[in-house]
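K.L.:
One structure, as structure tokens, below. Some questions next.
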Ligand code: NAP
Ligand code: MN
């Protein structure tokens with residue numbers, strides 16, 4: 001099996017990365033950073049997000065597993081103390097794969113330039129100056145005109161990240177869906193939005209068309225590019241999925257409890 005190890009870049013994560021590489025090479029596995037079957041990330045959830053984007057061109061052939069050198073993560077759910085155990089699992093046992101849904105984002109700019117992105121956590125749409133005014137269409141039908149700070153469209157596994165801070169629900173990653181959460185919408189006699197987070201099933205698209213002439217900042221996970229002249233942003237559940245290598249059960253609700261409530 002071919003593997004790659006990525007690190008957050010701090011000393012602790014770098015040292016652990018080196019140890020994992022040495023162990024796995026000793027077990028006769030192959031280090032291959034271009035075409036790994038398994039990517040092991042050392043750091044935090046952000047490190048796994050980065051690895052996802054680095055290998056997003058080969059999601060069908062690459063599985064991920066994360067070790068946290070800080071706090072317990074949602075993607076990085078192995079502790080540094082467990083590394084020997086994990087390495088033996090990787091070398092000796094065929095692993096079980098669980099798939100999580102992803103978000104597809106298609107951004108169309110003036111001149112019909114179209115770019116397609118995949119997000120593991122979410123896409124956010126904000127304006128750089130002043131409020132964002134955007135029409136929201138769901139499944140091809142006009143739904144509302146949003147005015148406010150912005151909108152966050154998240155995956156189920158991203159629902160515990162930015163979405164949660166916006167009052168969105170936590171969704172189990174077995175639900176192939178996307179969630180739209182508002183950032184400080186303006187609601188009065190003139191302007192009206194639904195106000196509640198919405199969960200859309202597979203094949204229901206959400207289309208945003210910014211209506212005021214502002215520079216729109218679209219984030220895809222931890223990337224924050226600024227776009228001028230955006231015509232539309234289309235979000236839906238992607239056909240692709242991310243594959244996680246599972247070597248032991250660690251149910252999602254247990255991760256939620258341990259992350260947000262305590263042991
Ligand atoms: P960061 O600023 O380090 O991330 C913010 C926090 O979110 C970190 O504690 C990170 O964990 C955690 N996180 C990432 N994905 C998560 C998930 N799926 N569930 C629960 N927590 C998660 O930046 P980053 O590490 O590059 O992560 C980018 C993410 O930050 C974005 O995708 C967005 O979801 C989140 N974010 C949140 C807010 C907010 O809550 N107000 C604002 C902006 C961005 P680690 O420390 O383990 O990396
Ligand atoms: Mn981080």
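Residue numbers (full-length UniProt numbering): 1 to 263. By construction, the Cβ of each residue, glycine as well, lies at the ideal position given by its N, Cα and C atoms.
1) Less than 8 Å between the CB atoms is what I'm expecting for residue 115 and residue 128, so what's the real figure, rounded?
2) Considering residue 234, what are the terminal residues of the beta strand (DSSP E) in which it resides?
3) Hey, residue 103 and residue 122: beta-carbon distance below 8 Å or not?
4) Residues in the same chain with beta-carbon distance under 7 Å from residue 170, minus the five sequence neighbours each way, listed in chain order, please.
5) Roughly how many angstroms lie between the CA atoms of residue 28 and residue 245, to the nearest whole one?
6) Cβ atoms of residue 37 and residue 3: under 8 Å apart, would you say?
7) Cβ of residue 46 versus every heavy atom of ligand 2: is any distance shorter than 7 Å?
8) Just the C-alpha distance for residue 143 and residue 35, rounded to the nearest angstrom, thanks.
9) To which residues of the same chain is residue 51 closer than 7 Å at the C-beta, ignoring the five residues directly before and after it?
10) Residue 112: which of 232, 260 and 261 sits nearest, CA to CA?
11) What are the residues that DSSP puts in a beta bridge with residue 106?
12) Determine the direct distance from the alpha carbon of residue 17 to that of residue 222, and round the result to whole angstroms.
13) Provide the residue(s) that pair with residue 126 in DSSP beta bridges, ordered along the chain.
14) Might you give, ordered along the chain, the residues of its own chain that have their beta carbon closer than 7 Å to the beta carbon of residue 185, omitting 5 neighbours on each side?
15) Taking the alpha carbon of residue 202 as the point to measure from, which residue in 181, 166 and 241 has its own alpha carbon closest?
16) Are residue 218 and residue 227 close, meaning C-beta to C-beta below 8 Å?
17) Three-state secondary structure (DSSP) at residue 62?
18) Grouping DSSP H, G and I as helix and E and B as strand, with all else coil, what is residue 100?
19) Since residue 182 is in the beta strand (DSSP E), which residue starts that stretch and which ends it?
20) Which residues share a DSSP beta bridge with residue 132?
21) Under the criterion of a Cβ to heavy atom distance below 7 Å, does residue 49 qualify as lining ligand 1?
P.N.:
Concretely, from the data shown:
1) That belief does not hold up - the Cβ atoms of residue 115 and residue 128 are roughly 19 Å apart, past 8 Å.
2) For residue 234, the enclosing beta strand (DSSP E) covers residues 230 to 246.
3) Using a Cβ distance threshold of 8 Å, residue 103 and residue 122 count as a contacting pair.
4) Close CB contacts of residue 170 within its chain, under the 7 Å cut and outside five residues either way in sequence, are with 159, 160, 164 and 256 (chain order).
5) So the alpha carbons of these two residues sit roughly 19 Å apart.
6) With contacts defined by Cβ atoms closer than 8 Å, residue 3 and residue 37 form a contacting pair.
7) Taken from the Cβ of residue 46, at least one heavy atom of ligand 2 lies inside 7 Å.
8) Cα to Cα, the separation comes out at about 43 Å.
9) Only residues of its own chain outside the window of five on either side were considered, and among them 6, 39, 41 and 64 have a CB closer than 7 Å to the CB of residue 51, listed in chain order.
10) That would be 232, whose Cα lies nearest to the Cα of residue 112.
11) Partner(s): 116 and 234.
12) Answer to the nearest angstrom: the Cα atoms are 22 Å apart.
13) Beta-bridge pairing links residue 126 to 150 and 217.
14) Within the same chain, residue 185 has close Cβ partners 146, 147, 148, 193 and 195.
15) Comparing alpha carbon positions, the residue from 181, 166 and 241 closest to residue 202 is 241.
16) Yes.
17) In the displayed model, residue 62 falls within coil according to three-state DSSP, outside both helix and strand.
18) Correct three-state label for residue 100: strand.
19) Counting along the chain, the beta strand (DSSP E) containing residue 182 begins and ends at 177 to 185.
20) The beta-bridge partner set that DSSP reports for residue 132 consists of 148.
21) Residue 49: yes, Cβ under 7 Å from ligand 1.
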